[in-house]
Amino acid sequence: RLHVAKPVRKHSWCLQTMVLRGITGRSDHALVHQWADAVQDRLRGEKRPRKLLVFVNPFGGRKRAPVIYERKVAPIFQLAGISVELITTRYCGHAKECLLEMDLSLFDGVVCVGGDGMVNEIVNGVLLRAQRDAGIDANDPNSRLQPGTIKIGVIPAGSTDALVCTTTGENSPVTSALLITMGAEIGVDVASIHSGERLVRYSSGFLSYGFFGDNIKASEKFRWMGPLRYNWTGWQTFLKHHVYEGELKLLVQPETTDANYDPAGTDRCRAGCEVCHTAPGDIPLQVLSSSDVDTTENKPYWLGIQGHFLSVSCALMANRCARSTAGVAPTAHLGNGLMDVVLVSQCSRRNFLRFLVALANSETCSPFKFPFVHCFRTSCFEFVPKTPDSSDEGTVKRTGSWQCDGELLTDSALLVRSHRQLLKLYAHGIEERDENQPHRCFCTCQ
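Positions in the sequence shown are counted from 1; adding 73 to them yields this note's numbering.
Set out below in C-alpha cells:
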C-alpha cells in the first residue's frame with residue numbers, strides 16, 4: 074500500500090492511496106515487496122523531516138486548531154513515519170518561550186497549527202534563538218542577522234491565514250501537511266522592527282498603522298466573536314475616520330518610487346521565482362541622503378514624505394487571503410529583500426471606502442489607481458508620528474496604532490528593515506498548473 078501526494082486543481086495537493094497486489098502467485102508478491110522496498114529506500118534519500126516540534130494554538134481563529142491537527146494533519150504525519158513532539162499552547166508567548174529554551178537540534182522542523190498571530194510568535198522565537206546562539210545583538214538595527222536554523226511549517230487554523238495562502242496558494246491544512254511531509258522549501262523575507270535601540274518584533278507578513286491598526290485595537294475586546302469581530306469593529310473604525318500626521322523616510326531605488334513602480338502589474342511571485350532567486354542581499358543603512366543623491370545613478374537613497382494619512386501599510390509578501398483576493402500588495406515577492414509600502418493620504422470617507430472595496434477585490438480591481446494612494450518598494454523605512462501640541466487649537470492629541478501580523482504593537486515611532494530570505498518555510502510558493510495536464514505524484518510513505 075502506497076500513500077502518495079497528488080497535485081489537484083491549480084494549487085492544491087491531496088492524499089491518494091495505491092494498492093499493489095500480486096496476481097499469479099508468490100513471484101508477484103515478491104515483486105510487490107521489491108517495489109515497496111525500493112520506494113522506501115528512495116524516500117530515505119530525500120531531505121524530508123523525520124521529527125517535528127508541533128505547536129497547536131487552541132485559542133486563535135475559530136478555535137478549531139486541535140481538531141484540524143487531530144483529524145487532518147496527524148494522520149498524514151503518521152503515515153509518513155514522522156515522529157512528533159506536540160505542545161498545546163496555554164498562553165500568549167508560550168511557544169516563543171519553548172523555542173528559546175528547548176534543544177532545537179533534536180528536530181528537523183517546527184510546525185505551527187494556528188493563525189498569522191501564532192505564526193508571528195513562532196517566527197520571533199526561531200529568530201531570537203538564532204541571534205542569541207550566534208551572539209548577535211538583536212536590539213541593534215544595523216546588525217547583520219543570522220538566518221533561522223530550523224525550518225518552519227504552517228498549518229492554517231486562523232482568521233485570515235495570509236502567510237499560508239501566499240506561500241501555497243491555498244488555505245488547506247491537507248496541502249500544507251503534505252508539503253511539510255515532502256520537505257518542500259522556500260526562503261522568505263523577514264522585517265526587523267525597532268523602536269529606538271530596542272527590538273520590538275520580527276514580522277513576516279503585514280504591518281500597518283492607522284486604520285488597520287486601529288481596527289485590531291478595537292477588536293481586542295470582542296475576541297469572543299471570533300473572526301467576525303473584524304467586520305464589526307471595521308465599520309466603527311471606518312466611521313470614526315481618524316487621520317494621523319506623520320513623517321515617513323524610505324530607502325528606495327529610483328525605479329521603485331511612486332512614479333515608476335506599478336504595484337498592480339502582472340509580475341507575480343510564483344514557485345521558482347527568478348526575481349527571488351537573483352535578488353541582491355541586504356542593503357546597508359548607511360547610504361546617501363535624498364538631498365545628496367543623483368537618482369540617475371540608480372543608487373538607493375532616503376526619500377522623505379510628510380503628510381496626513383489614513384493608513385501606512387507595509388507588506389513583505391502579497392498577503393493573499395479571503396479578505397483580499399490578490400493580497401494587499403499583489404506584486405510583492407517572497408524573497409527579494411524588499412517591502413511594499415502603501416500610503417493612503419487624507420481623503421473623504423467615500424473615497425476611502427472605494428479603496429477598501431478595491432483592496433478586497435484586488436485580483437480584478439486595482440486599489441492603487443486612486444490619486445490619494447501612493448506605493449513604494451523599499452528595503453527600510455522609518456515612521457515618526459507627529460502629535461499636535463496641546464496649545465494647538467482645534468486639534469486632538471492622539472497617535473494611531475500599529476498592528477503586526479494581526480497583533481497590536483504599543484510603539485508608534487518605528488524603524489523597519491527587511492532581511493532577505495531570513496527564514497525557510499515548508500512550501501514551494503504558489504504553483505501554477507494547467508488543470509488539463511497530468512501531474513506527477515510524490516510518494517509520502519509505504
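Every residue, glycine too, gets a C-beta built ideally from N, C-alpha and C.
Because the structure is a prediction, the values reported are computed rather than measured.
Roughly how many angstroms lie between the CA atoms of residue 153 and residue 397, to the nearest whole one?
34 Å
Going by DSSP, what residue range makes up the alpha helix (DSSP H) through residue 246?
246-254
Which residue's Cα is closest to the Cα of residue 460: 436, 475 and 486?
486
With distances taken between CB atoms, is the gap from residue 186 to residue 127 smaller than 9 Å?
yes
Under a three-way DSSP split, which group does residue 452 fall into?
strand
Buried or exposed, going by whether 16 or more other CB atoms sit within 10 Å of the CB of residue 104?
exposed
So, are the CB atoms of residue 237 and residue 497 less than 9 Å apart?
no
Between residue 264 and the rest of its own chain, which residues show a CB-CB distance below 8 Å, the 5 nearest in sequence each way excluded?
275, 276, 277, 280, 387, 389, 412, 489, 490, 491 and 492
What separation, rounded to the nearest whole angstrom, lies between the Cα atoms of residue 373 and residue 353?
13 Å
Within 9 Å, strictly: CB atoms of residue 383 and residue 417
yes
Which of helix, strand or coil does DSSP assign to residue 298?
helix
Mind checking residue 474: buried by the 16 CB within 10 Å criterion, or exposed?
buried
Whole-angstrom distance between residue 376 and residue 163, CA atom to CA atom
44 Å
Candidates 156, 173 and 239: closest to residue 343 by CA position
239
Between the Cα of residue 224 and the Cα atoms of 215, 244, 178 and 230, which residue gives the shortest distance?
178
Three-state class that DSSP yields for residue 179 in the structure shown:
helix
Here's the rule: buried if 16 or more other CB atoms are within 10 angstroms of the residue's CB, otherwise exposed. What is residue 430?
exposed
Who are the Cβ neighbours of residue 295 in its own chain at under 7 Å, not counting the five residues just before and after it?
302, 305 and 306
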